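The structure appears right after this line, and notes come after that.
Residue numbers (our numbering): 73 to 282.
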């Protein structure tokens, strides 16, 4: 990867965290574009998925913390009443940045995934970026928040993820891409790539794994 993975991840993760912090208390139960998941579930899924990646990169086994339970990486674990999801995701973000700053951990090869056995930093740069960007939109759409994603990160992630479309679908955790409208901007094309329907493309998306 030629980009600074940690810097790119920080921009994307901070964008997601901003939407978490902006979610009003009454918004957490709102349905999201992920079938069967609420806004709360979207955040719990990303927290849980981060823990799984960190474990594969030599970290401790995933365990409940900050009011967010633990489970399969593709799922959405239970959230305790009153849990502060901004604290939970903020901790996951900080742990990911610490891992990416460690040359040994970031070089550990993922044992599975749509890209094959690549270094964990490469997986974060592509699949992780796609995951967090799309779920940022999911959360914003569910809660009436800011749906505009970072344009540079959208362009970079779309270029990087497109060659892996078949691998993403083959996992069973990602919906197939759907055609984007003619002349669609990069954000719409990214969301259509992930099976979402931001307006004029495809049907409401399913769950992806992180």
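No residue lacks a Cβ here, since even glycine has one placed at the ideal position from N, Cα and C. Please read all numbers here as calculations on a predicted model, not as lab measurements.
Closest by C-alpha distance to residue 131, when choosing among 203, 157, 122: 122
Please classify residue 274: does DSSP put it in a helix, a strand, or coil? At residue 274, the pLDDT of 42 sits below 50, so the modelled position is not reliable and the matter cannot be decided from this model.
Where residue 82 sits in the DSSP three-state scheme: helix
Taking the beta carbon of residue 88 as the centre, do at least 16 other beta carbons fall within 10 Å, making it buried, or is it exposed? buried
For residue 201, which three-state DSSP category applies? helix
Using DSSP with H/G/I as helix, E/B as strand and the rest coil, what is residue 105? Of the three classes helix, strand and coil, the one that applies to residue 105 here is coil, per DSSP.
Does the distance from the CB of residue 215 to the CB of residue 105 come in under 9 Å? No, the pair does not count as a contact, with Cβ atoms beyond the cut-off.
Check the DSSP bridge columns for residue 160 and list the partner residues they point to. For residue 160, which the question treats as bridged, DSSP gives no partner whatsoever.
Please classify residue 246 as buried or exposed, where buried requires at least 16 other C-beta atoms within 10 Å of its C-beta. buried
Count the C-beta pairs between the stretch 225-238 and the stretch 184-203 that are closer than 8 Å, then say yes if the count reaches three, no if not. yes
With a cut-off of 8 Å, do at least 3 Cβ pairs link the stretch 161-176 to the stretch 255-265? Counting Cβ pairs under 8 Å, fewer than three are found: no touch.
Determine the direct distance from the alpha carbon of residue 226 to that of residue 180, and round the result to whole angstroms. 26 Å
Cutoff 7 Å; reference residue 77; Cβ partners in own chain excluding five residues on either side: 172, 193, 196, 197
So within the stretch 193-273, which uninterrupted alpha helix (DSSP H) runs reach at least 4 residues, ignoring any that extend past its ends? 201-215, 223-233, 237-242, 258-265
Which same chain residues end up closer than 6 Å to residue 217 when comparing Cβ atoms and leaving out the 5 residues on each side of it in sequence? 91, 94
Helix, strand or coil for residue 140 per DSSP? Strand, per DSSP.
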